[in-house]
Amino acid sequence: MLAKLAGVALVLGSTTTVGWQVAARYANRPQHLRALQTALAVLQTEVEYGATPLPQALTAAAQAAGEPAGAIFRAAVRRLREGRGITPGEALAGALDETADGTALTKADRSVLLALAPALGSSGRSDQMRHLTLARERLAGQEAQAQAEQAKYERLARYMGVLSGAALVLIFL
Amino acid sequence: MIPSGFGAEILPLLAPQVAGLVRRAVRRLPAPLEEIRVREARPLELVLDGADLFVTPDGGLTPDPAAAYRADHDDLLRSFQLIAQGSVYAWEDEVKNGFLTVRGGHRIGLAGRVVTEDGRIRTLKQVSSLNIRIAREVTGCAGTLLARIVRAGRLPSTLIISPPQAGKTTILRDLVRQVSAGAPALGLKGAKVGLVDERSELAGCAAGVPQRDVGPRTDVLDGCPKAEGIMLLIRAMSPAVIAVDEIGRPEDAVAVMEALHAGVAVLATAHGTGLEDVSRRPALSELIRAGAFARAAVLGRSRGPGTLEQVIDLSELREGGGRVAG
Chain A
6 MLAKLAGVAL VLGSTTTVGW QVAARYANRP QHLRALQTAL AVLQTEVEYG ATPLPQALTA
66 AAQAAGEPAG AIFRAAVRRL REGRGITPGE ALAGALDETA DGTALTKADR SVLLALAPAL
126 GSSGRSDQMR HLTLARERLA GQEAQAQAEQ AKYERLARYM GVLSGAALVL IFL
Chain B
16 MIPSGFGAEI LPLLAPQVAG LVRRAVRRLP APLEEIRVRE ARPLELVLDG ADLFVTPDGG
76 LTPDPAAAYR ADHDDLLRSF QLIAQGSVYA WEDEVKNGFL TVRGGHRIGL AGRVVTEDGR
136 IRTLKQVSSL NIRIAREVTG CAGTLLARIV RAGRLPSTLI ISPPQAGKTT ILRDLVRQVS
196 AGAPALGLKG AKVGLVDERS ELAGCAAGVP QRDVGPRTDV LDGCPKAEGI MLLIRAMSPA
256 VIAVDEIGRP EDAVAVMEAL HAGVAVLATA HGTGLEDVSR RPALSELIRA GAFARAAVLG
316 RSRGPGTLEQ VIDLSELREG GGRVAG
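Chains as they are written, first to last, in the numbering used here: chain A, 6 to 178; chain B, 16 to 341.
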C-alpha cells in the first residue's frame with residue numbers, strides 16, 4: 006500500500022512538474038521577447054546618437070535586457086573581443102547558439118536575430134536604423150503571437166500536467 | 016623588414032586568411048613595408064620603398080601578378096569590418112571621405128561602389144579595394160630641416176611642400192616633436208605646440224590620446240577640421256606654434272592668416288612638387304603672396320622618402336630677387 010502511494014505521488018509529481026515547466030516557457034517567452042526589443046532599442050539609440058563602437062553598444066543593450074536575454078549580447082561581446090577575425094554577425098550568431106537555450110525563445114524568435122546578424126555594424130547609420138527597426142517590429146510580432154499562445158496554453162499546460170498524471174495513476178492502479 | 020607595431024596594429028586589421036599570407040611574406044621583404052593593398056579578385060600587393068611585390072598563395076613574394084593570391088569577397092568584407100571594429104556606422108564621415116585612421120596612426124584608404132545623393136558621395140557600399148598605409152615614425156628625421164629653417168633661436172612659419180609618399184606627414188610629426196621638446200643645439204627653446212590633426216595621422220590618437228611621440232608641450236585636436244581647429248587653438252590653448260597637415264582650402268588660408276595675426280608661428284604641409292606647383296592653387300598662392308610663410312621646404316624622394324630637396328627663403332623672395340637656400 007505504501008509503495009502504491011509513493012508511486013502515485015511520484016507519477017503525479019513528475020507530470021505536474023513537466024506541466025509547470027511547459028507553462029513557464031509559455032509565460033516567459035513574451036517577457037524574453039520584450040527584453041530583446043528593449044535591448045535592440047538601446048542598441049539603436051547607441052548607434053544613432055552615440056555612434057558608439059559595437060562592443061560598448063552591445064554591452065549597453067545587454068544591461069538593458071537583463072537576464073536571461075542579456076546573456077546573448079554579452080556572449081556576442083565576448084566573442085567579438087576575442088577577435089580571431091570574426092564579424093559582428095558571426096559573433097551574434099555564435100552567441101545565440103551558445104546562450105539561447107537558457108531562454109524561452111523559439112526557433113522563429115531566434116531567426117529574427119539571425120536575420121539581423123549579417124547586417125549588424127556593417128553599414129552606415131541610416132541603414133543600421135532600418136535593420137534594427139525591422140528586427141524590433143518582427144520581434145513585436147513574435148511577442149503578440151507568444152502572448153496569444155500564453156493565454157491559450159499556459160493554464161492548459163499546467164492542467165494537462167496534473168490531469169495526465171491522474172490519468173496514468175488511474176490506468177495503472 | 017617588419018615595421019614596428021606590425022603584429023599588434025596591422026595584422027588584426029586583415030581577414031585571417033590575408034593576415035596569414037602577409038605575415039609570412041613580410042619577413043622576406045627586402046625593404047620596409049609602406050602599403051598593403053587588398054583588392055577583390057585581384058592580386059594581393061605589398062608596396063615598399065620605390066617597388067612593389069605580389070604575395071603568392073603560400074605567402075611568398077613574386078613580381079608576377081598572375082602568380083599572386085587573389086583576395087575574395089569575404090576577405091574584403093571581413094577586413095573592412097575588422098578595420099571598422101565592427102562598427103561601420105561610427106565611421107560614416109571617414110568612409111565618405113574614403114579613408115579612416117586606426118590605432119597607431121595608420122591610414123586605410125577605401126574604394127568601391129559609391130552611393131551618391133544629389134551628386135555627392137553619400138557612402139561607400141561594397142568596399143572592393145583597401146590600402147593600408149603604414150605610418151612611419153622616424154625620430155630625428157626633421158633635424159636637417161629644422162636646422163635650416165631656425166634663425167637666431169626663432170622658428171619662422173614654414174610651408175612644407177611634398178608630393179605624396181615623400182614623408183611629409185612623418186617629417187611634420189618629427190618637426191612638431193622637436194619644436195615641442197626644444198632643440199638646444201639650435202638655441203630653440205621648447206614651445207607650446209597646438210596640433211590640428213584632422214585625419215588622426217600626425218599624432219595617431221586613439222580616444223584622444225596621442226599614440227605617437229609629438230613632444231611634451233603639444234596639445235592635439237584630434238579629428239578636427241583644420242580651419243576651425245586653428246581658431247579654437249588660438250582661443251583656447253595659447254600656442255606659440257600651430258601645426259597642420261595638408262592645407263589648401265580657402266577657409267584654411269583664412270585661419271592661417273588669423274594665427275599669424277595672433278603672433279603664432281604656423282607649420283603646415285601642402286601637396287605639390289615645388290613652390291611653383293603650389294602657387295597655382297588659389298588659397299596657397301594667396302597665403303604665399305601675403306607673406307604668411309617665411310620659409311618653404313620642398314621634400315622629394317630623390318634619396319629615399321623624406322629627402323629635403325630645397326629650402327626657399329620666402330621673405331627674401333618677396334623683397335625681390337629671391338634666394339634659394341638649397
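Backbone N, C-alpha and C define an ideal beta-carbon position, used for all residues, glycine too.
By the CB criterion at 8 Å, residue 173 of chain B and residue 296 of chain B fall outside the cutoff. About 18 Å separates the beta carbon of residue 69 of chain A from that of residue 109 of chain A, a gap too long to meet the 8 Å contact definition. Just measuring C-alpha positions, the residue of B:32, B:102, B:100, B:88 sitting nearest residue 70 of chain B is B:32. Remark: C-beta atoms of residue 217 of chain B and residue 260 of chain B approach each other more closely than 8 Å.
If you ignore the 5 residues before and after residue 36 of chain B, its C-beta comes within less than 7 Å of the C-beta of 59, 70, 74, 84, all in its own chain and listed in chain order. Within the region 139-187 of chain B, the complete beta strand (DSSP E) runs of at least 3 residues fall at 173-177. Bounds of the alpha helix (DSSP H) holding residue 156 of chain A are 130-177. At a Cβ-Cβ threshold of 8 Å, residue 122 of chain B and residue 52 of chain B do not count as neighbours.
DSSP links residue 322 of chain B through a beta bridge to B:315. DSSP places residue 36 of chain B within a helical segment (H, G or I) once states are collapsed to three. Excluding sequence positions up to five before and after residue 253 of chain B, its CB lies less than 6 Å from no other CB in the same chain.
Taken atom to atom, the span from the alpha-carbon of residue 225 of chain B to that of residue 219 of chain B is near 6 Å. For residue 78 of chain A, the three-state secondary structure derived from DSSP is helix.
A Cβ-Cβ contact shorter than 8 Å links residue 176 of chain B with residue 314 of chain B. Residue-level contact check: residue 18 of chain A does not touch chain B, since none of the beta carbons of chain B fall below 8 Å from its beta carbon.
By the beta-carbon neighbour count (other beta carbons within 10 angstroms, threshold 16), residue 131 of chain B is exposed. Residue 23 of chain B and residue 30 of chain A have their C-alpha atoms roughly 46 Å apart. Not flagged as an interface residue toward chain B: residue 138 of chain A, since no C-beta distance is shorter than 8 Å. The beta carbons of residue 234 of chain B and residue 210 of chain B sit closer together than 8 Å. Its Cα nearest to that of residue 107 of chain B, the residue A:128 stands out among A:144, A:128, A:6, A:153.
Take residue 266 of chain B, set aside five residues on each side of it, and the residues of its chain with a beta-carbon closer than 7 Å to its own are 242, in chain order. For the region 93-119 of chain A, the continuous alpha helix (DSSP H) assignments of 4+ residues that do not extend past its boundaries occur at 93-104, in sequence order.
Taking the beta carbon of residue 23 of chain B as reference, no residue of chain A falls within 9 Å; the closest one sits roughly 12 Å away. DSSP places residue 46 of chain B outside both helix and strand once states are collapsed to three, so it counts as coil.
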